[in-house]
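Report on the structure given below.
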Amino acid sequence: MNANRMLIGMFILSTGTLPAIAGSICQEESTIETIADGGIRHGRSVATDGSILVVGDYSADNYRGAIVIRQWSGGAWAEEQVVYGVDSDDEFGASVAVANNVVLATASESVDGDVDIIELVLGDWTRTGSIVMPEGWQCVQRGLAMTDTWAAIPLVHSDSGFAAVGMWRQSGGIWTIEQTIELGQASGIHIDMHEDQMVIGWYEADGVTVYEGLVEVYEVDEFDTWNSTAAIPGGSAYLLSGQIVSIFDDQIAFASGGWYVTSNEWPARVDVLNHSPGDGWVETWSNVVGDSYQFNDLDLGDGIIAAVIWDSDEHDGWQTVIADPATGMELSFHDPGGEGHGPRYVASVGEGMVLYDVTLEDGSREVRMRPAADCDQNGVKDACDDLLGAADLDANGELDRCECAGNLNPHIDVNVDADDILDVLFYWGTETGHGDCDGDGVCGVLDLLIILENWGECEG
Ligand SMILES: [Ca+2]
Ligand SMILES: [Ca+2]
Ligand SMILES: [Ca+2]
Ligand SMILES: [Ca+2]
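Structure below.
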């Protein structure tokens, strides 16, 4: 290795500025606070595409409604921007979606509303137009979904009450309706899209008899037509299936049962199915959460599920849950708001970041974003911590500081000892993953204290 190359190597090791890592992937924890003049429904809807966070509050300004947008730009979160509804009691922002630098937001089903288009114009998020509903159809409050080129809007017929999904395609900034997927008599549907796939959950599909529910997968063909490619009927095990659905890269997740919707008759459960060319959609994971529970939201992305679950047996039984179906991991419960400050409504996951809502001690609300995988809880995704260099010296896929606090050389020993102190002294004052016991990105006195506190053999 010549001297120049060694210098470059040292630079990468010490600063972590690997050019291959996109800024949005290593973004940090963020918060969107309650809009000052509203707030009780702040966070009732959320959406993210990784670099843009959108939070809806349809109660803002006496139910005119508003959305708050934050954008990751130039390595930091830009200031929040607020876009209000046009008319009073619009309930704007009841449902939001974001893709390709375009935000879509609905008004309530009680209003004869269209879907507004909000885009960046000279650095300001601005209402640039709206998607007009077809004659006789109204937009439903919940379940708006979009991709870079498509928007799927849940519709209800003004006279018959029949449910449908309107498919709009965007070309050159103009949105045109291409198709109306008519479902039948019942308006309770939920939609999610990812690239050229869509899932529709229709939990009242069998509304005449037992509400077994139906989850349907659609794919778009080369003629821009969406076709149903799979139907997963409810049946007794999945009663009211499809109340919440999510799709991501040939994987779907859906919630069924639950305390609130079935009065404890059928337990709340989540099921995950994977698609493979030969076998179709096959169940790969399921979790029966229990009789007293209900799902309020779930979202699938990057191979993990983020969900909001409520336990009716507990006074404040709200929890945000992150689960990894691929590893068969049981649901792991997080209560990011702390005791009594649980989430209520939403969870969304994208680019390895989870978006969730919390109620604070004074009753105000905020929406937070944090990495899904953050074992050292420093607000930085562990994969990004590792990019700071040598944070996983034994190369087992877990940050060394999470495995044994203070042991900087797990590839050599399992002790917090003198050579760890020598490492800290060597890296003292530098930005590094090595020698950084507390995960603040630099090596210094706090790291030395952790070594002294944990002196001796590693546990486990
Ligand atoms: Ca971390
Ligand atoms: Ca390790
Ligand atoms: Ca050691
Ligand atoms: Ca440190």
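Per the working numbering, the sequence shown runs over residues -2 to 457.
Beta carbons are placed, not taken as given, at the ideal position from N, Cα and C, and that holds for glycine.
Check	Outcome
Does the structure place the segment 120 to 139 close enough to the segment 217 to 229 that three or more beta carbon pairs sit under 8 Å?	no
Applying the criterion that 16 or more other CB atoms from any shown protein chain within 10 Å of the CB defines a buried residue, is residue 131 buried or exposed?	exposed
By DSSP, does residue 76 sit in helix, in strand, or in coil?	coil
Could you have a look at residue 437 and say whether DSSP puts it in helix, strand or coil?	coil
Let me make sure I understand the geometry here. Which of 430, 342, 421 and 81 has the alpha-carbon closest to that of residue 38?	342
Which partner residues of residue 262 appear in the DSSP bridge assignment?	Residue 262 pairs with nothing; no bridge assigned.
Give the DSSP bridge partners of residue 124, in chain order.	115
Can you find a heavy atom of ligand 2 that lies under 7 Å from the Cβ of residue 404?	no
Here's the rule: buried if 16 or more other CB atoms are within 10 angstroms of the residue's CB, otherwise exposed. What is residue 129?	exposed
Expressed to the nearest angstrom, what Euclidean distance is found between the alpha-carbon atoms of residue 24 and residue 68?	11 Å
Cβ of residue 412 versus every heavy atom of ligand 3: is any distance shorter than 7 Å?	yes
Got a sec: does ligand 1 put a non-hydrogen atom nearer than 7 Å to the Cβ of residue 231?	no
Going by DSSP, name the residue or residues bridged to residue 362.	356
Please state the DSSP three-state secondary structure of residue 372.	coil
Pick out the complete beta strand (DSSP E) segments inside the segment 171 to 224, 3 residues or longer, and give them in chain order.	171 to 182, 186 to 191, 194 to 199 and 211 to 217
Between the alpha carbons of residue 359 and residue 31, how many angstroms are there, rounded?	12 Å
How many Å lie between residue 439 and residue 277 at the Cα?	49 Å
Is any non-hydrogen atom of ligand 5 found closer than 7 Å to the C-beta of residue 439, if you look at the structure I gave you?	Inclusion of ligand 5 in the displayed structure is not the case, the ligand content consisting of ligand 1, ligand 2, ligand 3 and ligand 4 alone.
Under the rule that 16 or more other beta-carbon atoms within 10 Å means buried, what is residue 293, buried or exposed?	buried
Are the CB atoms of residue 409 and residue 445 nearer to each other than 8 Å?	no
How do the segment 355 to 371 and the segment 414 to 433 stand: do at least 3 beta-carbon pairs fall below 8 Å, yes or no?	no
Quick check on the DSSP output: the beta strand (DSSP E) that includes residue 292 runs from which residue to which?	290 to 298
When you compare only the Cα positions, how much space is there between residue 270 and residue 51?	28 Å
Please list, in chain order, all residues with a C-beta atom less than 5 Å from at least one heavy atom of ligand 1.	371, 373, 375, 377, 379 and 382
Would the C-beta of residue 348 count as close to ligand 2, meaning under 7 Å from any of its heavy atoms?	no
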